[in-house]
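Each residue of the sequence shown is one higher than the one before, starting from 260 at the first, in the numbering used here.
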Amino acid sequence: MSAPTRPPFDGSRPPGVPPGRPVPLGVLVSGRGSNLEAILAAVERGELPAEVRLVLSDRPGVRALEVARSHGVPAEVLERRKFPERDAYDRALAAHLLERGVELCALAGFLRLLGPGFLEALGGRVMNVHPSLLPAFPGLEAQRQALEYGVRIAGCTVHFVDEAVDHGPIILQAAVPVGDEETPESLAERILREEHRLYPEAIRLYALDRLRIRGRRVLQLPET
Ligand code: GRF
Numbered sequence: 260m261s262a263p264t265r266p267p268f269d270g271s272r273p274p275g276v277p278p279g280r281p282v283p284l285g286v287l288v289s290g291r292g293s294n295l296e297a298i299l300a301a302v303e304r305g306e307l308p309a310e311v312r313l314v315l316s317d318r319p320g321v322r323a324l325e326v327a328r329s330h331g332v333p334a335e336v337l338e339r340r341k342f343p344e345r346d347a348y349d350r351a352l353a354a355h356l357l358e359r360g361v362e363l364c365a366l367a368g369f370l371r372l373l374g375p376g377f378l379e380a381l382g383g384r385v386m387n388v389h390p391s392l393l394p395a396f397p398g399l400e401a402q403r404q405a406l407e408y409g410v411r412i413a414g415c416t417v418h419f420v421d422e423a424v425d426h427g428p429i430i431l432q433a434a435v436p437v438g439d440e441e442t443p444e445s446l447a448e449r450i451l452r453e454e455h456r457l458y459p460e461a462i463r464l465y466a467l468d469r470l471r472i473r474g475r476r477v478l479q480l481p482e483t
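What follows is the structure, given as structure tokens:
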């Protein structure tokens, strides 16, 4: 008999979870951790029904780990070089998250590509924030790419993660106008402010079970 196949992820919370029940969240980081900080602040203000169960970094000594610890959140380092191959690393990351009961994983400046094994283990419940209006300017240094291209409107995107880089269905986007005197740094800073607003909001919509993936679109169900 073949293994039962799981229906494709449609954006909803797992069956049986009452909407609004705080989301057990895992956050994957590699650096500064300002999005992590924004998520934790939203939780602490009571605006985001989530509980950050674990912060995992692929490198030691990064600020995001300090952010986690200063908010009393467990934080661990799992280095890629300690694993023979990517799939084993992905499985270890997923296992750490699942051990803590994580339902949704938020990538917040995590600088590694995750494979199908990771997404499968999390049932597709993985989000990312990217500092451009996708599908424009995926990959690194998106703000610099946008400025060099000459766009007048830049921005950021929160999306569900699929197997391609910065590609999955888009949950929320915010636009940031580009001024004549803009530098990559000034643009990055203004985009980051929008990221800090958008990411907790996307997680909140998920927590309230208001997101549904239809093809490439993510619909927002009305508030009940
Ligand atoms: C953000 O610009 C985010 O969009 C990108 O990586 C950066 C992470 O910043 N994916 P931080 O670590 O959350 O401060």
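We put the CB at the ideal spot given by N, CA and C, even for glycine.
For the alpha helix (DSSP H) that contains Leu324, what are its first and last residues?
Residues 322-329.
Since I believe Tyr465 is in contact with Leu363 (beta carbons under 8 Å), could you give me their beta-carbon distance rounded to a whole number of angstroms?
Going by Cβ atoms, the distance from Leu363 to Tyr465 rounds to 6 Å, so yes, they are a contact pair.
Helix, strand or coil for Gly376, going by three-state DSSP, please let me know.
Of the three classes helix, strand and coil, the one that applies to Gly376 here is helix, per DSSP.
Could you tell me if the beta carbon of Ala434 falls within a distance shorter than 6 Å of some heavy atom in the ligand GRF?
Because no heavy atom of the ligand GRF lies under 6 Å away, the Cβ of Ala434 does not count as near it: no.
Kindly indicate which residue of His455, Leu307, Glu454, Val435 has the alpha-carbon position closest to the one of Leu446.
The option with the nearest alpha carbon to Leu446 is Val435.
Could you pull out every residue in the same chain whose Cβ sits closer than 7 Å to the Cβ of Ser289, ignoring the five residues on either side in sequence?
Taken in chain order, the residues that qualify are Ser316, Asp317, Arg318, Val321, Gly368, Phe369, Leu370.
In chain order, which continuous runs of the alpha helix (DSSP H) of length 4 or greater are located wholly inside the segment 346-407?
Taking only runs of at least 4 residues, the alpha helix (DSSP H) segments lying wholly in the segment 346-407 are 375-380.
Suppose you measure from the CA of Arg456 to the CA of Arg340; what does that come to, to the nearest Å?
Rounded to the nearest angstrom, the two C-alpha atoms are 34 Å apart.
With distance defined between alpha-carbon atoms, name the residue in Val388, Leu467, Thr442, Glu441 nearest to Pro428.
Nearest C-alpha to Pro428: Val388.
Is the separation between the beta-carbon of Pro333 and that of Leu313 shorter than 7 Å?
Yes, the Cβ-Cβ distance between Pro333 and Leu313 is below 7 Å.
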